[in-house]
């Protein structure tokens with residue numbers, strides 16, 4: 141893993157801006173506030189971070205999105221299963237407690253939320269940093285947090301024992317719900333973009 | 015009553031769009047999950063207009079738009095996408111889209127955009 145402190149700092153700014161835009165889109169989609177409670181960009185030891193994710197034994201729903209364009213990145217939006225029911229009710233503007241099982245509708249809500257989050261992250265990177273980036277169709281999973289996280293980082297784990305991780309927690313207002321959003325950028329392609337925008341030239 | 019074909023890979027989005035359109039005096043001709051299915055349904059159902067997502071599996075919305083316009087150059091297709099980028103908008107308009115709505119959208123903005131299509135007739 142080879143990334144300078146300056147590039148990591150710029151990546152941190154890029155991720156905060158884009159995640160802020162994504163959270164505003166999430167708020168508008170759900171017609172309720174989505175507040176970023178925590179966001180950081182850091183170099184993580186794959187072993188340690190995977191071990192931490194494996195500690196969670198709750199079943200989660202997650203949506204994974206890849207991107208196409210001049211920068212490489214992957215996104216995982218994850219939420220405990222009971223949270224999916226809350227999001228489904230919010231999305232469909234139905235009374236809280238209406239959704240009681242994980243079904244085709246809940247899965248579709250996860251798919252759409254992944255799509256909205258990913259698209260608005262792309263929109264921010266394109267408008268602020270001249271990236272060329274659009275999301276691929278989202279893929280919804282239903283599993284333990286550790287399993288989904290391992291799928292997210294599989295490619296990086298084959299090449300290195302470290303990765304750059306953008307780790308964000310959202311809170312959905314008026315609920316006790318915390319959502320997890322991970323972005324795994326392909327550092328080499330982001331390095332080219334950062335060089336191209338010329339912050340340190 | 016004008017008939018609309020709703021194309022999106024997410025079932026809940028099709029549900030929400032259909033609900034808004036029905037509430038505002040439109041009929042739903044049918045639904046499709048991707049661009050390939052959209053062309054098949056367009057030929058079969060002959061809708062007055064289409065709402066088309068962009069990011070979809072198999073055949074995406076831009077290709078779906080191109081295929082529908084190739085079949086019927088007067089087709090009215092409104093793109094509905096979370097992608098809010100100049101290049102995507104330009105590509106859609108260049109290929110014959112009649113309008114572009116960014117998700118998440120207000121119910122009114124979609125109704126206004128679709129009404130505008132028919133008022134131009």
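Chains as they are written, first to last, in this note's numbering: chain A, 141 to 341; chain B, 15 to 135.
A virtual CB, placed ideally from N, CA and C, is assigned to each residue, including glycine.
Practice problem: State yes or no: is the beta carbon of residue 168(A) nearer than 9 Å to at least one beta carbon in chain B? | Solution: Output row for residue 168(A): interface = yes.
Exercise. Can you give me the start and stop residues for the alpha helix (DSSP H) that residue 276(A) sits inside?
Key: For residue 276(A), there is no enclosing alpha helix (DSSP H), as DSSP marks it with neither H nor E.
Quiz item: What residue ranges within the segment 233-284 of chain A form continuous beta strand (DSSP E) runs of no fewer than 3 residues, ordered along the chain?
Solution: Taking 3 residues as the shortest admissible run, the segment 233-284 of chain A contains the following complete beta strand (DSSP E) segments, listed from N- to C-terminal end: 273-275 and 279-284.
Exercise. Measure the alpha-carbon distance for residue 166(A) versus residue 226(A) and round it to whole angstroms.
Key: For residue 166(A) and residue 226(A), the gap between their C-alpha atoms comes out near 14 Å.
Quiz item: Taking buried to mean at least 16 other C-beta atoms within 10 Å of its own C-beta, is residue 114(B) buried or exposed?
Solution: By the 16-neighbour rule on beta-carbons within 10 angstroms, residue 114(B) is buried.
Self-check item: Inter-stretch contact (C-beta, 8 Å, three-pair minimum) for the segment 171-184 of chain A and the segment 308-323 of chain A
Solution: By the Cβ criterion, the segment 171-184 of chain A is in contact with the segment 308-323 of chain A, since at least three pairs of Cβ atoms, one from each stretch, lie closer than 8 Å.
Exercise. Could you check if residue 228(A) is buried or exposed, using at least 16 other CB atoms within 10 Å of its CB as the buried criterion?
Key: Here residue 228(A) is buried: its Cβ has 16 or more other Cβ atoms, across all protein chains shown, within 10 Å.
Exercise. For residue 268(A), return the contacting residues in chain B, with the cut-off set at a CB-CB distance below 8 Å.
Key: Result: empty, since nearest Cβ-Cβ is about 12 Å, beyond 8 Å.
Quiz item: What residues in the segment 20-53 of chain B bring their beta carbon closer than 7 Å to a beta carbon of chain A?
Solution: If the cut-off is 7 Å between Cβ atoms, the segment 20-53 of chain B has 23, 24, 25, 26 and 27 near chain A.
Quiz item: Between which two residues does the alpha helix (DSSP H) carrying residue 328(A) extend?
Solution: Here the alpha helix (DSSP H) through residue 328(A) covers 327-337.
Quiz item: Any C-beta of chain B sitting closer than 9 Å to the C-beta of residue 242(A)?
Solution: No, no contact with chain B.
Exercise. May I ask you to report which of helix, strand or coil DSSP gives residue 110(B)?
Key: Coil, per DSSP.
Quiz item: Using CA coordinates, which residue listed in 68(B), 133(B), 122(B) and 16(B) is at the minimum distance from residue 101(B)?
Solution: Closest option to residue 101(B), Cα to Cα, is 68(B).
Quiz item: Using the beta-carbon of each residue, which ones in chain B are nearer than 9 Å to residue 147(A)?
Solution: Identification of chain B residues near residue 147(A) by a Cβ-Cβ cut-off of 9 Å yields none; the smallest Cβ-Cβ distance measures about 24 Å.
Practice problem: Measuring only between beta-carbons, confirm whether residue 101(B) sits less than 9 Å from chain A. | Solution: In terms of beta-carbon proximity, residue 101(B) lines the interface with chain A, with at least one pair separated by less than 9 Å.
Practice problem: Check whether the Cβ of residue 251(A) lies closer than 9 Å to any Cβ atom in chain B. | Solution: Residue contact check for residue 251(A) against chain B: a CB pair falls below 9 Å.
Quiz item: What residues in the segment 109-129 of chain B have a beta carbon less than 7 Å from any beta carbon of chain A?
Solution: In summary, the residues of the segment 109-129 of chain B whose CB is separated from some CB of chain A by less than 7 Å are 117 and 118, in the order they occur in the chain.
Quiz item: Along chain B, in chain order, which residues have C-beta atoms closer than 9 Å to that of residue 275(A)?
Solution: Result: 69, 96 and 97.
Quiz item: Using a Cβ-Cβ cut-off of 7 Å (strictly less than) and excluding sequence neighbours within five positions of residue 264(A), which residues of its own chain qualify?
Solution: The beta carbon of residue 264(A) is closer than 7 Å to those of 157, 158 and 161 in its chain, skipping five residues each way along the sequence.
Quiz prompt | Simplified DSSP state of residue 15(B), which is helix, strand or coil | solution = The DSSP-derived three-state label of residue 15(B) is coil.
Self-check item: Buried or exposed by the 16-neighbour rule on C-beta atoms within 10 Å, applied to residue 15(B)
Solution: A residue is called buried when at least 16 other Cβ atoms come within 10 angstroms of its Cβ; residue 15(B) does not meet this threshold and is exposed.
Exercise. Starting from the Cα of residue 288(A), find the closest Cα among 153(A), 200(A) and 192(A) and give me that residue.
Key: Residue 200(A) is the option with its Cα nearest to residue 288(A).
Self-check item: Spatial neighbours of residue 139(B) in its chain, beta-carbon cut-off 7 Å, leaving aside the 5 residues before and after
Solution: This structure cannot settle anything about residue 139(B), because the visible part of chain B is limited to 15 through 135.
Quiz item: If we count the other Cβ atoms within 10 Å of its Cβ and call it buried at 16 or more, is residue 205(A) buried or exposed?
Solution: So residue 205(A) ends up on the buried side.
Quiz prompt | Length of the line joining the Cα atoms of residue 197(A) and residue 332(A) | solution = Going by the C-alpha atoms only, they are around 39 Å apart.
Quiz item: Between the segment 254-266 of chain A and chain E, which residues of the former have a C-beta closer than 9 Å to a C-beta of the latter?
Solution: Among the protein chains in the structure shown, which are A and B, there is no chain E.
Quiz item: What separation, rounded to the nearest whole angstrom, lies between the Cα atoms of residue 61(B) and residue 52(B)?
Solution: In this structure, the straight-line span from the alpha carbon of residue 61(B) to that of residue 52(B) is close to 11 Å.
Quiz item: With DSSP run on the structure shown, which of helix, strand or coil describes residue 310(A)?
Solution: Reduced to three states, the DSSP call for residue 310(A) is strand.
Quiz item: Any idea what DSSP makes of residue 315(A), helix, strand or coil?
Solution: It is coil, neither helix nor strand.
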